[in-house]
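J.:
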Amino acid sequence: MNETELQLVITQKGLDAAISASNRGLKAELTTMSVGDALYAPNKNQTALRNELDRAPFSAFKDLGGGSIQGAAKFSGPSQYAIGEIGLHLGDGTLFGVISRPEGVLNFKPAGGHCIQPFTLNLSALPTDSITIEVGTENLNILIDSEMMQDATAFVRSQVVQVKQSRLLMKQAEKLRKLEAKHG
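Written as structure tokens, this is what we have:
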């Protein structure tokens with residue numbers, strides 16, 4: 030799926046829920062993603078996917094700031110299907126938004142396998158901080174932030190230094206053994 034080509038169409042009910050939550054000082058909470066195999070141009074009056082095949086809780090979430098969020102859901106099970114439409118649902122089941130296009134599938138879920146469906150949403154058209162994502166019990170940790178990457182890089186560098194020091198100590202120990210054997 031090429032996310033740069035795809036647009037989330039926020040439904041009227043999704044927009045109403047976000048504005049209502051914001052007016053009460055709350056955030057509308059996205060809880061599940063649904064997928065179906067229909068291909069079409071979504072519209073704001075939709076209340077359901079055209080042919081929903083599966084639904085899963087979100088497995089990852091990251092607030093990118095500036096009105097953008099990232100998330101992902103993992104679809105598993107025996108079924109095999111092409112993904113042509115994606116729905117994002119609020120906690121009460123309301124369809125918040127739809128991603129689809131008439132000219133081709135977005136992803137594919139193999140039989141007996143898994144499909145991780147990531148997305149990045151620009152929510153700048155909504156009230157600031159009006160949407161959040163509730164992550165289910167299976168956290169994929171696939172959305173790594175820069176601080177975590179810096180920590181991982183620092184750890185790897187420290188391990189490289191340790192390996193170099195260990196090799197140096199091994200060389201010195203070998204030289205010492207040779208000297209002891211020679212002067213025995």
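Under the numbering used here, the first residue of the sequence shown is numbered 30, with each subsequent residue one higher. C-beta: ideal position from N, C-alpha, C; glycine also.
Please classify T182 as buried or exposed, where buried requires at least 16 neighbouring CB atoms within 10 angstroms.
T.: exposed
J.: Would you check if the distance between the CB atom of A70 and the CB atom of N80 is smaller than 8 Å?
T.: Pairing A70 with N80 gives a Cβ-Cβ distance that is not under 8 Å.
J.: Would you call the region 44 to 52 and the region 80 to 94 in contact, with 3 or more CB pairs under 8 Å?
T.: no
J.: Could you compute how far the alpha carbon of N136 sits from the alpha carbon of T40?
T.: 22 Å
J.: If you drop the 5 nearest sequence neighbours on each side, which residues of the same chain put their C-beta closer than 8 Å to that of P139?
T.: Q109
J.: What residue does the alpha helix (DSSP H) around G43 start on, and which one ends it?
T.: Q41 to N52
J.: Mapping the DSSP letters down to three states, classify D83 as helix, strand or coil.
T.: Three-state DSSP puts D83 in a strand.
J.: According to DSSP, E58 sits in a beta bridge with which residue or residues?
T.: T161
J.: Would you mind reading off the limits of the beta strand (DSSP E) that contains N136?
T.: N136 to K138
J.: Give the DSSP bridge partners of S88, in chain order.
T.: Paired residue(s): none; S88 is not in a bridge.
J.: Helix, strand or coil for K103 per DSSP?
T.: strand
J.: If we call anything under 8 Å between Cβ atoms a contact, is G10 one with L55?
T.: This structure gives no information on residue 10, because the portion of the chain shown stretches from 30 to 213.
J.: Does the Cβ-Cβ distance between V65 and T123 come in under 8 Å?
T.: One point to set straight first is that residue 65 is Gly, not Val, in the sequence displayed. It is not a contact, given that the beta carbons lie outside the stated cut-off.
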